[in-house]
Each structure stands twice: as C-alpha cells, then as structure tokens.
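These notes concern the structure reproduced below.
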Ligand SMILES: Cc1cc2nc3c(=O)[nH]c(=O)nc-3n(C[C@H](O)[C@H](O)[C@H](O)COP(=O)(O)OP(=O)(O)OC[C@H]3O[C@@H](n4cnc5c(N)ncnc54)[C@H](O)[C@@H]3O)c2cc1C
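Numbering (the numbering used here), first residue to last: 642 to 1072.
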C-alpha cells in the first residue's frame, strides 16, 4: 500500500491529512501519516489573539491524535530532521513532553509520496540585533511568551516611576495591524480587571513602524486609510516611511525618509515584517525561491522531484497569469483541497493543475471591527468592507476552517461553546 506522509499539521497540512484520511486512509487505499513537532494544532491566523491575552490556546487547540483517530490517519509527534530523497525516507526526531522523560532516538520513516506543509518563519532581512532582541509570532509558544512579557511590563508601569510600556511593532502588514489593535483593547481590559493602577492612555504606548508609505499595502489605499484612522482613534501611533536599521534590547534604530538615524525606546519589539521558508528547506536539495520556499509546479510537485509536494507558506507557487500566491491561510486551504482530490485519484491518471482563486482579504481591528476587500465575479470585482460587517466576515474564516476539520455539527458545537465561554469569562487572560 502506498504511504503518504504529510509533514506539518498547520492550516494546510491538517486539512489535507483529514481529507486524505477520510477518502483513502479509512478505505485502506493508502497509509496516511501526519508528522508535526507539536502535539496540537492551533490555527495560525489567530496567534495575535494569544499574544494579546484574549484567547487561551489550550481551549482552541485540536489534539492531532484525536483528529487522526477520527479521520483515518496516523499522527506522529516528531520533528523532521532530514529527507533522503533517493531512498524516499525521512529522518524524524520524536518529541516528547518534558514530564515523560528522555526522547527516543531519531528514527526513519519511508514514504511513497511526501507533502511538505512546514509553514514559514520570520524573516529579519539581516537587520542587526533583530534576531536577538525582538519577539516573533511564529507559533503558540512565542505568542504566549509575548503576552507574559506584555503583562509584566504593564505591572511594572502601574507601579509608578518612569517605566512606561513602549510596544514597537515592526511591519504594518496584517499581523502587525491585528496585534496592535488587540493590544490596545488588552491594556484597557487589564486596567479594568486586574492592574487597577494602570492608566492605558498614560502608561502604554503602541507604535507601528512601516517602511512603506501606508499600512496594509495589499489592500486598496482607501481601506488602508480606514484602518489607519481607526488605529489612531484608539491611541496607536503609526509611523509610515520608517525603516528599522538596528534593534537593541531597549530601543530600535530608525530612519525616516532621508533623515538621520534616530532611536526610539522599546520595552518590547515585535517583528512582523515578513516571512520566509524554514531553514530545513535549504537541506532538501530542491530548487528554492528567493524567500527560501520550495518551488512547485502547477501540480504542487517540486519542480525537481515528482514524489515531493509542497503546500502553504513553505511552497512557492507562481501562476503565469496571476503571479505568486501569497503566504496566506486561504492559499494553504485551497492547496489542501486541491491536493486531497489530486492524490485520491486512481493511479496512472495525470495530475490536475492547481489554480489559486483570491477571494479577498480581511484584517481584524480588534473585537468589533475589521477592514478589507472581497473579490467576486469572473472579473474579480473588488468590494470594500469595513466595520462590524467585516468583523463578522473575518470571524467566518475560522469557522470555515473548523468546518473543514470537524464537519458542520461538531464545528457548530465548538462555535456555540466559544460564544457561551465569552459570556461567562473575562475578555482577557489575567495571570
Ligand atoms: C498573526 C497572524 C495573523 C494571520 N492572519 C491571516 C489572515 O487573516 N488570513 C490569512 O489568510 N492568513 C493569515 N496569516 C497567515 C497564515 O497563518 C499562514 O499563511 C498559514 O497558517 C500557512 O499555513 P501552512 O499550513 O503553510 O503553515 P502553518 O499553519 O504555519 O503550519 C506549519 C506546521 O508545520 C509544523 N512544522 C514546521 N516545521 C516542522 C518540522 N521540521 N517538523 C515537524 N513539524 C514542523 C508546525 O508545527 C506547524 O504545525 C496570519 C499569520 C499570522 C502569524
């Protein structure tokens, strides 16, 4: 029987494993194995809500083992170390939680088809000091660590003295904007529930530094302006046209336009200025893009190895007409749906060609607002949306992801449970 191994159970990989497990694993048509270094799945577009203390990842995570048992695939909790493409084997380092003891030795796993869905990591673009002095939002551990540091800084600021919370967010794309908006709410919620001597307006300063001329460059200018006006009305400072040249532990060095280099104090700097493929991509001997992503054909096979596929942020898919597919959950989802159907075909049939359809983009501006555009019709007409309606549509993206993993009834139960939880719990993590 053929063995399909998927490495990475994120937005793309877990949906693919679930679909293939249902269509092939359960029917004995293939052995489907999902490998991830984490025991649980958390949908990455919600990481800013963990970093701002709004969402407890333990409540919203999905146990890979449980998903595997219900959907006909096998889960291996391990980290991919290397790939022997000639011998079609992977070298995996099993991961165990601290309380279980020493991890067993590295082991091999054979595959007939390998799908790499490894996601992306933060790109520091070689800026000195960035890798050592900034926080990043690549996974749940980093998001939780950011919140702990934000919480600690708020406690210190509330104790008087000159200490202020200076949050500097580098990058005015979706991640930076979404986090800035949530943190504004978090500071107010902390002052209300826990740190009563904290004055958010006086003690907490949140700044977004963006090298380009406006925030959210992937949206039309008027939507960027809307987002900017909203954030400014919430007390967030925006510095467009500002490049970061160096990061120290307590400040960032910046240049604005043609001006001289200056420094800005920063108690916490979060880097949200771009992503690239993970380091392991460079060890595969496969052609990579400038951003270290695995270059794939329209079938999503590597341009150099028909047994290796790549999807999501670690893949570089360039459509001759529409250009490069962006590193977004929407792309990872569409590629998972496509590949699940393509790999379920009977042997010998030619593989179909993937085509990415852009349905638009929505950016959350906190609990009650969002901004973005929807793309519709055959000519891709743009429909700008903002405010509460956009916020509802933004919420639907996660609900769609739940539906793809759990089916309608279970996803609906999760959504109702979430709604009820919000009504009985404080809006923020308080310890
Ligand atoms: C704060 C934030 C907000 C975002 N908002 C949006 C949004 O609104 N809309 C949108 O479309 N996109 C958004 N994105 C981007 C979106 O999250 C990604 O494009 C999407 O998650 C990519 O899916 P993926 O399957 O490629 O990788 P991921 O979802 O990142 O999953 C990768 C998986 O691979 C595993 N892994 C990695 N390396 C190894 C290894 N060596 N061994 C074993 N396992 C490994 C990881 O543990 C992880 O589970 C946002 C991202 C962030 C950080």
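The beta-carbon is built from N, C-alpha and C at its ideal position, and this holds for glycine as well.
So residue i is in the beta strand (DSSP E); what residue range does that whole segment cover?
i            : result
residue 1022 : 1022-1027
residue 951  : 946-951
residue 748  : 748-751
residue 780  : Careful: residue 780 lies outside any beta strand (DSSP E) and carries neither H nor E.
residue 644  : 643-648
residue 719  : 715-725
residue 670  : Unbroken run through residue 670: none, as it is neither H nor E.
residue 1005 : 1001-1005
residue 880  : 878-881
residue 735  : 730-735
residue 807  : 806-811
residue 1072 : Segment: none, residue 1072 is in no beta strand (DSSP E) and carries neither H nor E.
residue 895  : 892-897
Check whether the Cβ atoms of residue i and residue j lie closer than 8 Å to each other.
i            : j            : result
residue 815  : residue 1004 : yes
residue 713  : residue 673  : yes
residue 651  : residue 953  : yes
residue 794  : residue 909  : yes
residue 1001 : residue 1012 : no
residue 871  : residue 1008 : no
residue 719  : residue 735  : yes
residue 937  : residue 951  : yes
residue 646  : residue 785  : no
residue 942  : residue 653  : no
residue 869  : residue 882  : no
residue 861  : residue 1025 : yes
residue 985  : residue 750  : no
residue 875  : residue 822  : yes
residue 893  : residue 809  : yes
residue 635  : residue 648  : Because the chain in this structure spans residues 642 to 1072, residue 635 falls outside the shown range and cannot be described.
residue 940  : residue 992  : yes
residue 716  : residue 657  : no
residue 902  : residue 886  : yes
residue 847  : residue 824  : yes
residue 812  : residue 851  : yes
residue 919  : residue 796  : no
Applying the criterion that 16 or more other CB atoms from any shown protein chain within 10 Å of the CB defines a buried residue, is residue i buried or exposed?
i            : result
residue 1070 : buried
residue 677  : buried
residue 1072 : exposed
residue 960  : exposed
residue 725  : exposed
residue 685  : buried
residue 863  : exposed
residue 948  : exposed
residue 844  : buried
residue 699  : exposed
residue 1037 : exposed
residue 1030 : exposed
residue 1065 : exposed
residue 917  : buried
I'd like the span of the alpha helix (DSSP H) that includes residue i, first residue to last.
i            : result
residue 972  : 970-985
residue 1059 : 1049-1065
residue 759  : Note, residue 759: premise wrong, no alpha helix (DSSP H); not H, not E.
residue 702  : Run containing residue 702: none; DSSP gives neither H nor E here.
residue 658  : 654-661
residue 869  : 862-874
In three-state DSSP terms, what is residue i?
i            : result
residue 908  : coil
residue 787  : helix
residue 851  : strand
residue 934  : coil
residue 829  : helix
residue 960  : strand
residue 838  : coil
residue 686  : helix
residue 988  : coil
residue 1010 : coil
residue 823  : helix
residue 994  : coil
residue 796  : helix
residue 889  : coil
residue 817  : helix
residue 843  : helix
residue 943  : strand
residue 803  : coil
residue 966  : coil
residue 1015 : strand
residue 1036 : helix
Report whether the distance from the Cβ of residue i to the nearest heavy atom of ligand 3 is below 7 Å.
i           : result
residue 979 : Absent from the structure shown: ligand 3. Ligands present: ligand 1.
Please check if any C-beta of chain D sits within less than 8 Å of the C-beta of residue i.
i           : result
residue 811 : Judged by its chain identifiers, the structure shown contains no chain D, having just a single protein chain.
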